Amino acid sequence: MPKVKINDVEVDVPAGTNMIEAAALAGVEIPHYCYHPNLSIAGNCRMCLVDIVGGRAPEIACNMVAREGLAIRTDTPNVKKMRQSVMEFLLVNHPLDCPICDQSGECRLQDYYMEHGNYDSRGIEEKVSKHKRQDIGDKIVLDAERCVQCSRCVRFGDEVTETGDLRLMNRGDHTEIGMFPGERLEHHYQGNLADICPVGALTNKDFRFQRRVWYLRETASVCNGCATGCNIQVCHQEGEVFRYLPRRNDAVNKSWMCDHGRDLVPGIAGLNRILRSKVDGQAVDVEAALSSLAARLKAAKTVGVVLGNRATNEGNWALLQAVRKNLPNAKVYAVAGNDPGSVEFADKLLIDADKNPNSAGVRLLAGVDGRVGDAADLGSALGSIDLLLVLQDDVLGRLAGHGKPAAVAFLGVSKNATSEAANILIPVCHTVEMDGSYVNRTGRVQRLRRAVTAAGDALPAWLVLERLGAKLGAAPGTGMVATAFNAMAKVVPAMKGMEFKALGDAGLPLAVEPAAVAATEALA
Amino acid sequence: MDFPRILSGNWDKPNSHTLAVARSCGTYSRVEMALKKAPSELIQIVKDSGLRGRGGAGFPTGMKWSFVPGPEKRGNKPVYLLCNADESEPGTFKDRYCMWKDPHLMIEGMIIAAHAIGCKVGYVYIRGEFRYIYDRLWEAVHEARAAGLLGENILGTGVDFQLHIHLGAGAYICGEETALISSLEGEKGQPKLKPPFPAVEGAWHCPTIVNNVETLAAVPWIIQNGAAAYKALGTEKSPGTKLFSCSGHIRKPGVYEIPLGYPMKDLLEIECGGLLPGRKLKAVIPGGSSVPVMTPEEVYKCTMDYESISTVAGSYLGSGGFIVMDDTTDLVDALTNLLRFYAHESCGQCTPCREGCGWMYHILCRVRDNCATAEDLVTLKDLADNIHSKTICFFGASAAMPVQSFLLKFKGEFLARIEAASKGIPAGSSVTSPEQRVGA
Chain A
693 MPKVKINDVE VDVPAGTNMI EAAALAGVEI PHYCYHPNLS IAGNCRMCLV DIVGGRAPEI
753 ACNMVAREGL AIRTDTPNVK KMRQSVMEFL LVNHPLDCPI CDQSGECRLQ DYYMEHGNYD
813 SRGIEEKVSK HKRQDIGDKI VLDAERCVQC SRCVRFGDEV TETGDLRLMN RGDHTEIGMF
873 PGERLEHHYQ GNLADICPVG ALTNKDFRFQ RRVWYLRETA SVCNGCATGC NIQVCHQEGE
933 VFRYLPRRND AVNKSWMCDH GRDLVPGIAG LNRILRSKVD GQAVDVEAAL SSLAARLKAA
993 KTVGVVLGNR ATNEGNWALL QAVRKNLPNA KVYAVAGNDP GSVEFADKLL IDADKNPNSA
1053 GVRLLAGVDG RVGDAADLGS ALGSIDLLLV LQDDVLGRLA GHGKPAAVAF LGVSKNATSE
1113 AANILIPVCH TVEMDGSYVN RTGRVQRLRR AVTAAGDALP AWLVLERLGA KLGAAPGTGM
1173 VATAFNAMAK VVPAMKGMEF KALGDAGLPL AVEPAAVAAT EALA
Chain B
41 MDFPRILSGN WDKPNSHTLA VARSCGTYSR VEMALKKAPS ELIQIVKDSG LRGRGGAGFP
101 TGMKWSFVPG PEKRGNKPVY LLCNADESEP GTFKDRYCMW KDPHLMIEGM IIAAHAIGCK
161 VGYVYIRGEF RYIYDRLWEA VHEARAAGLL GENILGTGVD FQLHIHLGAG AYICGEETAL
221 ISSLEGEKGQ PKLKPPFPAV EGAWHCPTIV NNVETLAAVP WIIQNGAAAY KALGTEKSPG
281 TKLFSCSGHI RKPGVYEIPL GYPMKDLLEI ECGGLLPGRK LKAVIPGGSS VPVMTPEEVY
341 KCTMDYESIS TVAGSYLGSG GFIVMDDTTD LVDALTNLLR FYAHESCGQC TPCREGCGWM
401 YHILCRVRDN CATAEDLVTL KDLADNIHSK TICFFGASAA MPVQSFLLKF KGEFLARIEA
461 ASKGIPAGSS VTSPEQRVGA
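Protein sequences appear in the order of chains A and B. Residue numbering for the first sequence follows this note's numbering, starting at 693 and increasing by one per position. Residue numbering for the second sequence follows this note's numbering, starting at 41 and increasing by one per position.
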C-alpha cells in the first residue's frame, strides 16, 4: 500500500492505483474526459495534468501510478491555468449548441467549464465544421462537432465489445470519430457509448429529447432482463421511468449494460401490465381476491405451487412459507427456462441465456426446501392439478403442450399465457416498483430499490404472499421487506449473517461457491 | 574546410550505393569485428564514444541501448531495432543522402546495433515520399543478404539479423518514435503514452530501440576506430561529426559533414558560401523548423553543438536542418508557413496540439492578411505557452517553439505589420488572398 500525497492530504492506496483514483480516495477530484476506470489509459484529453512536487514538468494523473512518497498538487496556479487552457482548446471548435443538445445537464464540458473555465472567450476564429447527426447504429446518433476526441467510444469498441467499429479519422483539428463507409454499430451494447461519451457527441436515440436530465431522479437498482443482474440507475420523474443507466459494479457488470436491458423501460408502464385483481373474470380488490384464493387453496385436493424465477427472494420465500406451513399436501415446483417471447440471445460479456433475474435465488431456496419438483415433474402432473398457484413466471407458456390444470391463480406483472388462463389474477409490482433482492448468476445477492409508485393495484409479491399466508393460518408478517429478508437469511445457510441493510449498492456474494449454486439446479 | 568524413566519405564515389563499391571503401569490414565482441562491450564502446542520437533529441545512444531489459527480464520477447528514416522535419534532408548514397553503411550500423541489443529482426521505417530510396534500400538489403551479411548466421558467427524496409505513408508525426511504432504496427500513426518507454515496451509490446539513420551510420566507424578517436572529434559533450542540411538564402545549399563545435559563422560563410550578394542575415533556424529561431548576433556567437546553441540562443541543434533567412524574408509569412505545416501535421490525438496548432495558424493568417490586432499576438503567445510541454509527444512543443521564439526575438516585425495594416498600408510580401484551409 504505497502512501501518496495529494495537496496536503496523505492517503494509503492499493498498489497499481492511478493518481486520479488516488486523489478521489483523498477527497480531491481531478477533472478528466478520456480516463474511464473500465477502459485502458489514453491520456489524450490532458485535463488531468497535475504538478508533481519536485518534478520538472506537469504530468497527467491518469497515467501516473501511485508509488511510495509521490506527492502531487492540483491546487497550484499552474494547474488552474492548464485546466483553463484545455477547456479553451476543447471549446474552440465546439458548436456550443447546448440549448438544443440532449447532453445538457450531464455534459462534462458544461460541468468543468463552470469550475475551470476561462469565462472570457478568446474564440473568434471560424470553427471547423464536421459531420452532424449521423445515424451510426440502431441506438446511437453521432454528432462529430460536439466530440472532444477522448476516444472512450473507440476503446469501448476495441476492448469491451471487441468490434473495433468506431475510429478516429483525419488529423489535427479535423480529427473526428467515425465509422468505415457502409458500416453500422452491430453489437448489443450501443447504449454504453452514449453513457461513456462525456459530451453530446454520442446520444441515445431512445432517450434523446425525452426529458432534460436535471428533472430526473436516480434510484440504484438491478436490471431484471437476465440472470446477470447488471447494476443500474433507474432514472425517473414523477412516477415515470425514462431510462436505465448502468451503475458501476466491477464484480458484476463493470460500467456496462446491454441494450436489451434498456429496452425493458417502455414495458414498465406498458399496455401489457396487469393492473387489477380479478376472480373468475370479475374485477375485485386485492383483499377479496386473496380471500377467494385462500379458500380455494384450502378446498382443492391437489395444489401445485410454482416459484417465480422472475420474483424476488422475499416473494419466493413468502410463498414457500405460506405453503409449507398451511398446505402440507401442496406440491411446489420450480420451472427453469425462459418465458415465450424472450430475446433468445446470449454472449460471453453480460447477456445470459437465462432471461430470469432470480433463477439462482429460486435454485437456492429450492435447495433449502429440499422438496421442490422441476419442470418435468410439473409437466407430467399438470393435468391432474386442481389449483395451480403461479408466481410471476409464464409457466403455462413454458410448458405449452402439456396438460391443463383445473384452475389457475396467477400473481404477475404482465399479461401472458398463464394470466390468460388464470381464474384468480392478482397484480404484483415490477422490479422498479419495490424493494427486495435477487441472486444473480454468480451467486451475488443484490438489492432492488423502489423507484416509482406501483401501477394499478399492484403490491410487492412478498407482501401479497405474506397476507395470503395469514389468511391460510400463518402468523401475520411484519409488512417490512427488511424483516422478510432477514428472517429468510437466518434460515438459508448460504445467506448466513446477511442483513438486508448490509447488501448496500454493490450486493454481497452468497457464502457458497457459484459452482455450488449451479449444482443445486438439479434440485430445482 | 577539410574534416574527417565519417558519414559522407563515400558519397562522391561513383555507384557508392552498390555493395561492391561499399566494400571497397571498407563498409562491412567492421561487422566481423563487432560480432566477435560481446554485446555489453559494444554498448560500452558506444557509451564511451559519447555518440548522441542524430534525429533531434540528442539522447546518448549507448545509454538508450543499455535500457533494453536483459533476457532474464524480458523472457521470450524478441527485441526490435527500428531505424527511423522518416526524415520529415522541414529543413532536414541529410538521411535521404545517407540512404541514397551509402545505404550499406547504415545497414552495417544496424547489424552492429542489433547485435549489441540482442535483436534478430530490424526494420527501416522510411518516409512515404522516399519511394525511390525505398527501392534502393531493398536492393542493398538483397545484395547484403546474398553476401551473407544479413539473414541467418552472419559471416559464420552464428548471429542472425533479418532486415525489412517499411514504407510509411508520409506523415510528419511518424518520425516521432512511438508514432513510428504505431504506424509500423499497422495502427494510425499516433504517439503512445510514456511510460512505458519503447526500450522496455515498444513495437508489439516488445523491447524496441529506435535510432536515426545518421546515428546508426556513425556506429561502424566508432567500432573500428574506438571511442577515444570519436571523442577526439567535436567537443567534450558533443563528440563526433554531424551532417547539417543547409538551406535558405545561401550560395551553396547542401548537406555538410562537420565536427560538432564548429563555429556557426564559419558554417554559414565557408561551407554554405555565405549569403547571396548584397543581402544581410536576418534569422537562422539551426536545427530543423521546430527549434527556436536565432538572431544574427546569436549566430555569430554560437558553435554548432548541443550545448552552445542551447546556452547562447536557447535553441537546439535538433536534426541539423540549418535554415538561413536573409533580409528579404517576411518573418510573418515565414512563421505562418511553418504553422500551416504544423496545423496540417498534428496527429489530432491530444487536445492542446490538436486544437491549438490550427488556432495559432488562424491567428497568424489574420496577421499576415492584415486583419489582426496587437492583442492577437498576446493570445498567440499564450496559446503557444499552453501547448508547450502539455502534450503526449514533442510535437506540441515543436509547434509552439517557433511561435514563442519568433514573437520573442522578432516581435517588432509582427507589431509593425499590424500597425501598418491599421493604417491601411499594404505591407511586406503578404499574399492577401484568403488562405484555403489545409487538410479540409
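We put the beta carbon where it would ideally sit given N, CA and C, even for glycine. Fair warning: this is a prediction, and the values are worked out from it, not measured in the lab.
Measuring C-alpha to C-alpha distances from Ser1072 (chain A) to each of A:Leu1056, A:Lys1096 and A:Glu1191 identifies A:Lys1096 as the nearest. Per DSSP, Phe133 (chain B) lies in no beta strand (DSSP E) segment and is marked neither H nor E. If only uninterrupted beta strand (DSSP E) runs of at least 3 residues are considered, those enclosed by the segment 1049-1125 of chain A are 1079-1083, 1099-1104 and 1116-1119. At a cut-off of 7 Å between beta carbons, Glu817 (chain A) contacts chain B.
CA-to-CA, the gap between Gln202 (chain B) and Leu190 (chain B) works out to about 6 Å. Glu127 (chain B) and Leu1042 (chain A) have their C-alpha atoms some 48 Å from each other. DSSP, reduced to helix, strand and coil, places Leu273 (chain B) outside both helices and strands of the structure shown, so it counts as coil. The residue among A:Tyr1025, A:Gly856, A:Leu1081 and A:Asp700 with its C-alpha nearest the C-alpha of Gly1059 (chain A) is A:Tyr1025.
At a Cβ-Cβ threshold of 7 Å, Val745 (chain A) and Ala716 (chain A) do not count as neighbours.
Note: Phe362 (chain B) is bridge-paired with B:Cys286 in the DSSP secondary-structure output. Note that the C-beta distance between Gly1189 (chain A) and Arg1136 (chain A) is not below 7 Å. Runs of the alpha helix (DSSP H) lying entirely within the segment 181-246 of chain B and spanning at least 4 residues, in chain order: 217-224. Distance check between Ile166 (chain B) and each of B:Ala154, B:Asp135 and B:Cys159 places B:Asp135 closest, using alpha-carbon atoms only. In the three-state DSSP reduction, Phe43 (chain B) falls in the coil class, being neither helix nor strand. For the segment 773-792 of chain A, residues whose beta-carbon sits nearer than 9 Å to a beta-carbon of chain B comprise Lys773, Met774, Gln776, Ser777, Val778, Glu780, Phe781, Leu782, Leu783, Val784 and Asn785.
The DSSP-derived three-state label of Lys463 (chain B) is coil.
Within a 10 Å sphere around the beta-carbon of Gly301 (chain B) sit 16 or more other beta-carbons, which makes this residue buried. Residues of chain A with a Cβ closer than 8 Å to the Cβ of Thr391 (chain B) are, in chain order, Asn736, Cys737, Arg738, Met739, Val778, Phe781, Leu782, Val840 and Gln841. Closest by C-alpha distance to Cys754 (chain A), out of A:Tyr881, A:Met739, A:Thr1134 and A:Asn896, is A:Met739.
Met861 (chain A) is bridged by DSSP to A:Glu868. Closer than 7 Å at the C-beta level to chain B, one finds no residue of the segment 936-961 of chain A. In this chain, the alpha helix (DSSP H) harbouring Gly149 (chain B) covers Pro143 to Ile157.
Residue pairing of Tyr936 (chain A) in beta bridges, as defined by DSSP: A:Val926.
Counting only residues of its own chain and dropping the five nearest sequence neighbours on each side, Val1087 (chain A) has a CB closer than 7 Å to the CB of Val998, Val1027 and Thr1110. Against Pro750 (chain A), the close residues of chain B are Ser429 and Lys430, in the order they occur along the chain (beta-carbon pairs closer than 8 Å).
No Cβ of chain A is located within less than 7 Å of the beta carbon of Ser350 (chain B). In the same chain as Asn1108 (chain A), and ignoring 5 residues on each side of it, the C-beta atoms closer than 7 Å to its own belong to Asp1031, Asp1086 and Gly1089, in chain order.
Taking a cut-off of 8 Å on C-beta distances, the segment 359-369 of chain B touches the segment 326-343 of chain B, as three or more cross pairs fall below it. The C-alpha of Gly747 (chain A) is placed about 35 Å away from the C-alpha of Leu283 (chain B). Within 10 angstroms of the beta-carbon of Pro729 (chain A) lie fewer than 16 other beta-carbons, which makes it exposed. If the five residues before and after Gly829 (chain A) are omitted, its C-beta is found closer than 6 Å to the C-beta atoms of Arg876, Leu877 and Gln882, all from its own chain and listed in chain order. Under a criterion of Cβ atoms nearer than 7 Å, no residue of chain A is adjacent to Gly242 (chain B); the nearest Cβ is some 17 Å distant. Put simply, of A:His880, A:Val840 and A:Arg838 the residue whose alpha carbon is nearest the alpha carbon of Asp857 (chain A) is A:His880. DSSP places Ala1146 (chain A) in the coil class of the three-state scheme, outside both helix and strand. A distance of 7 Å or more separates the beta carbons of Phe450 (chain B) and Leu417 (chain B). Taking 8 Å as the Cβ-Cβ cut-off, the segment 868-888 of chain A has no residue approaching chain B.
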